[in-house]
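A.B. asks:
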DNA sequence: CATGAATGAGTCTTCATTCAT
DNA sequence: AATGAATGAAGACTCATTCAT
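Residue numbers (the working numbering), protein chains in the order written: chain C, 1 to 209; chain G, 210 to 418; chain Z, 419 to 627; chain U, 628 to 836.
#1: Take residue 299(G) as the anchor and find which of 359(G), 374(G), 228(G), 287(G) has the nearest alpha-carbon.
#2: Quick one: Cα of residue 423(Z) to Cα of residue 604(Z), how far?
#3: Let me know the alpha helix (DSSP H) ranges lying completely inside the stretch 72-144 of chain C, each 4 residues or longer, listed in chain order.
#4: Within 10 angstroms of its Cβ, does residue 16(C) collect 16 or more other Cβ (buried), or is it exposed?
#5: To which residues of the same chain is residue 440(Z) closer than 8 Å at the C-beta, ignoring the five residues directly before and after it?
#6: Which same chain residues end up closer than 7 Å to residue 264(G) when comparing Cβ atoms and leaving out the 5 residues on each side of it in sequence?
#7: For residue 46(C), would you say it is in contact with chain G, using Cβ-to-Cβ distances shorter than 9 Å as the test?
#8: Examine the Cβ distances between the stretch 797-811 of chain U and the stretch 588-605 of chain Z and report whether three or more of them are shorter than 8 Å.
#9: For residue 346(G), tell me which candidate among 361(G), 227(G), 318(G) has the shortest Cα-Cα distance.
#10: Terminal residues of the continuous alpha helix (DSSP H) containing residue 825(U)?
#11: Going along chain U in order, which residues have a C-beta closer than 8 Å to the C-beta of residue 573(Z)?
#12: Under the rule that 16 or more other beta-carbon atoms within 10 Å means buried, what is residue 129(C), buried or exposed?
#13: In three-state DSSP terms, what is residue 801(U)?
#14: Rounded to a whole number of angstroms, what is the C-alpha to C-alpha distance between residue 486(Z) and residue 729(U)?
#15: If distances are taken between C-alpha atoms only, which option among 832(U), 723(U), 788(U), 771(U) comes closest to residue 803(U)?
#16: Output yes if chain G places a C-beta closer than 9 Å to the C-beta of residue 194(C); else output no.
#17: Roughly how many angstroms lie between the CA atoms of residue 795(U) and residue 708(U), to the nearest whole one?
#18: Could you give the C-beta distance for residue 506(Z) and residue 589(Z), rounded to a whole number, given that I count them as a contact under 8 Å?
#19: May I ask you to list, following chain order, the residues of the stretch 438-460 of chain Z that have a beta carbon less than 7 Å from some beta carbon of chain U?
#20: What's the call for residue 731(U), buried or exposed, on a 16-neighbour Cβ count within 10 Å?
#21: Could you confirm whether any beta carbon from chain Z is found closer than 9 Å to the beta carbon of residue 792(U)?
#22: Tell me whether the beta-carbon of residue 155(C) lies closer than 9 Å to the beta-carbon of residue 135(C).
#23: Specify the secondary structure class of residue 45(C) as computed by DSSP and reduced to three states.
#24: Let me make sure I understand the geometry here. Which of 234(G), 294(G), 220(G), 227(G) has the alpha-carbon closest to that of residue 405(G)?
#25: With 8 Å as the C-beta to C-beta threshold (strictly closer), list the residues of the stretch 112-135 of chain C near chain G in chain order.
#26: To the nearest angstrom, how far is it from the Cα of residue 419(G) to the Cα of residue 120(C)?
#27: Using a Cβ-Cβ distance under 9 Å, would residue 789(U) count as near chain Z?
#28: Could you spell out the range, first to last residue, of the alpha helix (DSSP H) harbouring residue 575(Z)?
#29: Taking only the alpha-carbon atoms, compute the straight-line gap between residue 785(U) and residue 820(U) and give it to the nearest angstrom.
#30: Rank 268(G), 323(G), 251(G) by C-alpha distance to the C-alpha of residue 27(C) and give the top, closest one.
#31: Pull up the distance between the alpha-carbon of residue 223(G) and that of residue 270(G), whole angstroms please.
#32: In whole angstroms, what is the alpha-carbon distance linking residue 162(C) and residue 11(C)?
#33: Compare the Cα-Cα distances from residue 49(C) to each of 471(Z), 469(Z), 462(Z), 467(Z) and report the closest residue.
#34: Report the neighbours of residue 92(C) on chain G: residues whose CB is nearer than 8 Å to its CB, in chain order.
#35: Check whether chain Z comes within 9 Å of residue 640(U), counting only Cβ atoms and requiring the distance to be less than that.
#36: Once DSSP output is grouped into helix, strand and coil, what is the label at residue 270(G)?
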């Protein structure tokens, strides 16, 4: 009823879905379990047949995001192709993920501080690993003379920031198609690194795969 | 003690300062007026001799940020120089502000939704105006053939995102000096727009002023 | 596992057993039906196939205690022997019961107030009857010059109190054997009443039976 | 207002008083903070201006009881008189305290298990110390041939039990005066130990002091 | 019989806010 | 100005109980 497109099979799924929506819209602290329950169509106490606590609910919402993202990035990074092509793959992965799972990504960014200390630490570690891989690629490209690196870390931040930003406004029904967004941001990133034929590389990209 | 340079003269100032710190660290919802009072060294009820409400406190913390930012941007934009130089000035303004007033900027980004509807609307309008000016500059540069614009809005977002990101991690004592960060991000932005001699333009910039 | 000797045959029995254990350890109010269910190895809802309500469970745990005790006391009181011998029999009965069914006795003492009003009234009536019989014996002994009674009621309380106390600490595996405890407390009670040859009477007691 | 005799000066005192009353009547678990607040004549949330938590309230109610009791007992034990006189003094102290502060003593006995583990451990240690002193006196009396000891520990329990029991029913307005109760129970205790002239010793007791 | 799920009632606790002093 | 106390509103969570499967 409340999920026209994605009918949640389990009540537990429905709870996670609605919670994600509400956490995204109002923030974790400002979201009441009453609101979550109402959105699902059950009473607050019934919630506890499916979740352990509000904190656990947040965890399960943020849950796999970083793992999924790391897994996808791994694939992109591991391809046996040119650095630039791997970089493009990583960019594609980054923006596509940030857009297609915008809500979770956004929550993952904004509600880190609502997480219990140990869980937060784990997520932060994954985040660092994720950024490190991007940075490594940038350094490699620089070393091979295929990019003019100003500051590897800041270039990385610049890329990461694009994803964070996209996650805050992307809507499937928006004016810009996801592929177009990815295409432009990938070009922008390569340009920022002064990669030769940045635009062409991006447009001809999946070809090499 | 927590503000080495700017010792708050008024109690009201101290409150705003500590509130900013706490809102930044834990978020508006998760911050208690008790915590603010404790940080200032007074009791909760005494707070109300200086503030009207928690919401008003948030407003006064986020208060001038957008106004100040718009004012600074205005100066940058109004200079009677080359588009690219104006763009650089705007970039400098953007990153410098995002870094030097990181906490307020961060709160302004993350706690928009905690604002009462009308206040939120006003801030959003200012935000749009701010972004519009950047976008206009990009469009102008593109029209004059001094930049190869892929999508003016996305380029704008890319720039804005850098500031948002910087506001989340910049510390005065950090490894990177503010000027260096600005220098690199300005180059990155010009490169992203395929501006000729991007790096040189940035390095030689204030000269024209 | 928790009942080495008396393995509960019925699930209903197991429930009563575990409930008794938990009520004893944590009190009725502090005991959760979930805990009872867990102790039995079933789920909470399954409990209701065997009990009517938590209150009824308490009732059935406290259930027969007073009836059983009264019945045993009846036998002791009705013997056709010397008052002192009957008193000793009653003392034996009292302490033996308090020790051998310590948990139920303890619960019966401490959870009276958790009982619904009418049930509580019934138990209290039985209690009074029980104490009255002891008191009557004391009075009789006094009248016959076989005891020096200070205050029949207080002597009765003194005896009752010993049982209550024993019920709170007696463990079958403890240092003192049950028979020894009974022997000593019986002597103490007779001594308290200044019965002649108190110790000898107790030691030679079952002889007369 | 609600305490005709003992007008509590502080609100905090009133809370402790009413809490003691309610904990005594219905038990800690069955007592609601709402009830406590209502009894005091304030709202539940106001309670928290005076207490830290329900558990702390229990602690502060049970608070000094054992300390006070130990202090009084110390005085009785330390007198430079005959063992039997010291024993009588200790008995007087025990029963008098159990009666005059019946509610607190009762709560201290019945709600031990509601205490957090560490607090419970402390109270239990004090209890043991208290009982040990009684037992030492009994042993001493036995060694000096002034008492015929059956089992020092059980005699101690017998005495302790009388106090516990008294605390459960004593009312200042009751039929038996406190002094009479003390007198009888002291005699009963000495008789139980086969002390010579038990009754006379008790009746002539304070004389030696 | 056993159980997963639902739920109304109620628990302790926190918080922003007010007001008399 | 500062504060102790009071309070309405709300929040997360628990529990005994019911019912369909």
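We put the beta carbon where it would ideally sit given N, CA and C, even for glycine.
C.D. replies: So, from the listed chains and residues:
#1: 287(G)
#2: Note that residue 423(Z) scores 49 on pLDDT, short of 50, meaning its location in the model is unreliable; the coordinates nonetheless yield the value given after this. Taking the straight line from one Cα to the other gives about 28 Å.
#3: Secondary structure within the stretch 72-144 of chain C: the alpha helix (DSSP H) runs of 4 or more consecutive residues, fully enclosed, are 83-100, 102-110, 117-143 (chain order).
#4: The residue is buried, with at least 16 neighbouring Cβ atoms inside 10 Å.
#5: Cβ neighbours of residue 440(Z) beyond the five flanking positions: 449, 453, 454, 457.
#6: 325
#7: no
#8: The stretch 797-811 of chain U makes no contact with the stretch 588-605 of chain Z; the number of CB pairs closer than 8 Å stays below 3.
#9: 361(G)
#10: In the DSSP assignment, residue 825(U) falls within the unbroken alpha helix (DSSP H) covering 825-830.
#11: 815
#12: Exposed, since its Cβ has fewer than 16 Cβ neighbours within 10 Å.
#13: If DSSP states are grouped into helix, strand and coil, residue 801(U) belongs with coil.
#14: 31 Å
#15: Of the listed residues, the one whose Cα sits closest to residue 803(U) is 723(U).
#16: yes
#17: Between residue 795(U) and residue 708(U), the C-alpha separation is close to 32 Å.
#18: Between residue 589(Z) and residue 506(Z) the Cβ distance is about 25 Å, and since that is not below 8 Å, they are no contact.
#19: 444, 445, 447, 448
#20: Buried, by the Cβ-count rule.
#21: The beta carbon of residue 792(U) falls within 9 Å of a beta carbon belonging to chain Z, placing the residue at that interface.
#22: The answer is yes: Cβ separation under 9 Å.
#23: Note: residue 45(C) maps to helix in three-state DSSP.
#24: 294(G)
#25: 113, 114
#26: This structure leaves residue 419(G) out entirely; chain G is present only between 210 and 418.
#27: yes
#28: Counting along the chain, residue 575(Z) sits inside the alpha helix (DSSP H) bounded by residues 570-587.
#29: When rounded, the separation of the alpha-carbon atoms in residue 785(U) and residue 820(U) is 11 Å.
#30: 323(G)
#31: 11 Å
#32: 34 Å
#33: 462(Z)
#34: Neighbours of residue 92(C) on chain G: none; closest Cβ ~15 Å, over 8 Å.
#35: no
#36: In this structure, residue 270(G) counts as helix in the three-state DSSP scheme.
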